[in-house]
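First up is the structure itself, then whatever we jot down about it.
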Amino acid sequence: MTSTPPPSNLNPDVAARLKRSADGLLPAIAQQYDTGEVLMLGWMDDEALHRTLTTGRCTYWSRSRREYWVKGDTSGHFQWVKSVALDCDADTLLVKVDQVGAACHTGARTCFDADVLLKDTEDTDPVRDAEPAVTADSGAPASDQ
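Here the sequence shown is numbered in the numbering used here, starting from 686 and rising by one per residue.
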């Protein structure tokens with residue numbers, strides 16, 4: 686059962702643009718501002734976004750604890766906000782941060798290190814390794830002309 690979100694001080698013009706999930710949340714991707722490293726995914730409602738925009742520190746909504754949490758308040762692993770962008774569909778936030786310490790609750794730098802499903806390798810290039818196209822009339826591989 687979802688409850689009504691608490692009142693927010695988020696700018697009404699910004700709030701009107703957001704496409705939230707059924708429970709009033711937006712996924713917020715935290716990315717290291719200078720390297721592009723993807724650090725974590727958190728959830729924000731309007732008030733968490735307002736706090737993030739106005740304090741310069743990432744504030745998230747905990748879906749399990751049903752409360753706000755500021756990254757670093759208990760762990761010391763702060764996220765200092767450099768920029769916040771809304772994606773083209775207005776349903777996801779990209780928060781570029783300067784991460785101090787680990788971003789993941791496990792103590793890892795990023796939440797995306799432990800379970801890599803496909804590793805980017807220099808040996809594999811799907812375009813280069815694709816079968817050559819065959820022309821209909823000659824049976825020979827097509828070439829760039």
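Yeah, the Cβ is synthetic: ideal placement off N, Cα and C, and Gly gets one too. A quick note: this is a predicted structure, and the numbers were derived from the prediction, not measured.
query	result
Cβ of A733 within 8 Å of Cβ of H762?	no
Pull up the distance between the alpha-carbon of Q671 and that of W728, whole angstroms please.	Because the chain spans 686 through 830 in this model, residue 671 falls outside it and cannot be assessed.
Looking at L779: is its Cβ nearer than 8 Å to the Cβ of A793?	no
Around the Cβ of K804, are there at least 16 other Cβ atoms within 10 angstroms (buried) or fewer (exposed)?	exposed
Give me the Cα-Cα distance between M686 and D708, rounded to the nearest whole angstrom.	With a pLDDT of 40 at M686, under the threshold of 50, the modelled position of this residue cannot be trusted; read the value that follows with caution. Distance between the alpha carbons of M686 and D708 is about 9 Å.
CA-CA distance, V766 and R751?	23 Å
Would you mind giving the Cβ-Cβ distance between T777 and V723, rounded to the nearest angstrom? I have them listed as a contact below 8 Å.	At roughly 13 Å, the Cβ-Cβ gap does not stay under 8 Å, so T777 and V723 are not in contact.
Per the DSSP calculation, L779 is bridged to which residue(s)?	I714 and A770
For the beta strand (DSSP E) that G724 lies in, which residues bound it at each end?	The residue asked about is misnamed: residue 724 is Leu in this sequence, not Gly. First-last of the beta strand (DSSP E) with L724: V723 to M729.
Where does E752 fall in DSSP's three states?	strand
With DSSP collapsed to three states, give me the class of T744.	strand
If we call anything under 8 Å between Cβ atoms a contact, is T740 one with Y753?	no
Would the beta-carbon of R736 fall within 8 Å of that of G757?	no
What is the residue span of the alpha helix (DSSP H) that A700 lies within?	P697 to R702
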